Amino acid sequence: MVHLSPPQSIAVVALPSLPEAVTEAQEVLDFLTQQGLHGACGLLFDEGLRKRIQAGEFQLLIVLGGDGTMLRAGHLCAPLGVPIMGINMGRFGFLYEVQRKEWRGIMPLLLKGDFWIEKRMLLKATLWHADQVHGEWEVVNDVVVARGLVVRPVELSAYVDGYLLASYVADGLIASTATGSTAYALAAGGPILPPEIRNILIVPVAPHLSVDRAIVLAEGVSVSIVVHTQHEAVLSIDGQEPVAIASNDRVQVTASDHSLSFVRFQDPGYFYRNLVSYMEKNPLTGSSR
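Under our numbering, think of the first position of the sequence shown as 93, with each following residue one higher.
What follows is the structure, encoded as structure tokens:
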């Protein structure tokens, strides 16, 4: 175990829709303040607390919730370089290492600096419409270009560094990080990538007479997804509210300049132990979704 300098100032946040997470978050803060640490507790969308985090007041963010909560926290913390420790209050929690009943036993390790920092690659997505930028996003899990409400596939072209990679007729196309390989990309039949891998994963969704294999690309490439459709198509970032896109719009995906930092206490094999455990919990398919 690498011995690091323990954090002296910690923010604890919870998702407001999980009352038990809000209650548990206050218990975490009470524990930390009893140990003499400076801290604050609040809801994930508390603008006042978010501004304090963005101002650099805290050295660590502790998050209580499910994977969606961690994604939102990642969007906040990655550009700031603030590491995240997650306490899982959800069902699975691929991004978590510490479970709800375990945090009291784990905290002494945090306070002694007995942990390591896991760095995960992020993506940057840029939406281009008529050669103008219509939006930019940092991406923890995935970029999805897909059909909208009309149950009809869209035509998609994927380019790598300006060269045509493949054309698809499909419900959509996913560009994913290794982190996102256990999310929508897995449900679409993609491979599971180790979390430290810095690659871009391309996975088609329900392809029709098209390339039906996932493709793993190098970190340094630029991927462009161009949609061709006569009906609605959308862009979704990390499962957030979809953005309507038009025919010939282009979504450019590259590696981000930022990385997401997670506090870890177990050896790196934790990922595979969690993976097997989650797969065994799914009695219907044996998958980890």
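Built from N, CA and C at the ideal position, the CB exists for glycine as well. All of these numbers come straight from a predicted model, not from anything done at the bench.
- Contiguous alpha helix (DSSP H) elements confined to the stretch 113 to 181 occur at 139 to 146 and 159 to 169, taking only those with 4 or more residues.
- Contact annotation: Asp341 and Leu219 have beta-carbon atoms nearer than 8 Å.
- Lys211 is not a Cβ neighbour of Glu230, given a cutoff of 8 Å.
- Secondary structure within the stretch 218 to 265: the beta strand (DSSP E) runs of 3 or more consecutive residues, fully enclosed, are 224 to 231, 234 to 239, 246 to 252 and 255 to 262 (chain order).
- When C-beta atoms of the stretch 328 to 339 are compared with those of the stretch 297 to 306, fewer than three pairs fall below 8 Å, so the two segments do not count as touching.
- Three or more Cβ pairs closer than 8 Å define a contact, and the stretch 156 to 163 meets that threshold against the stretch 178 to 193.
- With contact defined as three or more Cβ pairs closer than 8 Å, the stretch 133 to 146 and the stretch 237 to 246 are not in contact.
- Contact between Met177 and Leu202 holds, since their C-beta atoms are separated by about 7 Å, short of 8 Å.
- With respect to the 8 Å criterion, Tyr260 and Asp234 are not classified as neighbours on the basis of their beta carbons.
- As the crow flies, the alpha-carbon of Leu129 is around 5 Å from that of Gln100.
- Taking 8 Å as the cut-off, the Cβ atoms of Ala267 and Pro245 do not count as close.
- A check of alpha carbon separations from Asp206 across Arg365, His323, Leu367 and Leu96 identifies Leu96 as the nearest.
- In the three-state DSSP reduction, Ala338 falls in the coil class, being neither helix nor strand.
- Proximity to Val345 across Gln322, Ser351, Leu293 and Tyr362 peaks at Leu293, based on C-alpha coordinates.
- With a cutoff of 8 Å on beta-carbon distance, Arg290 and Met213 are scored as near each other.
- Leaving aside the five residues that flank Ala103 on each side, the residues in its chain whose CB is nearer than 6 Å to its CB run, in chain order, Ala132, Ile145, Phe150 and Leu153.
- Following the DSSP letters along the chain, one finds Ile294 inside the beta strand (DSSP E) bounded by residues Asn291 to Val297.
- The three-state reading of DSSP puts Arg212 in strand, counting E and B together.
- Linking Tyr364 to Ala270 through their CA atoms gives a straight-line distance of about 14 Å.
- If you compare the alpha carbons of Ala310, Gly281, Pro287 and Trp195 with that of Phe186, the shortest gap goes to Pro287.
- Closest by C-alpha distance to Val315, out of Pro296, Val252, Ser351 and His300, is Val252.
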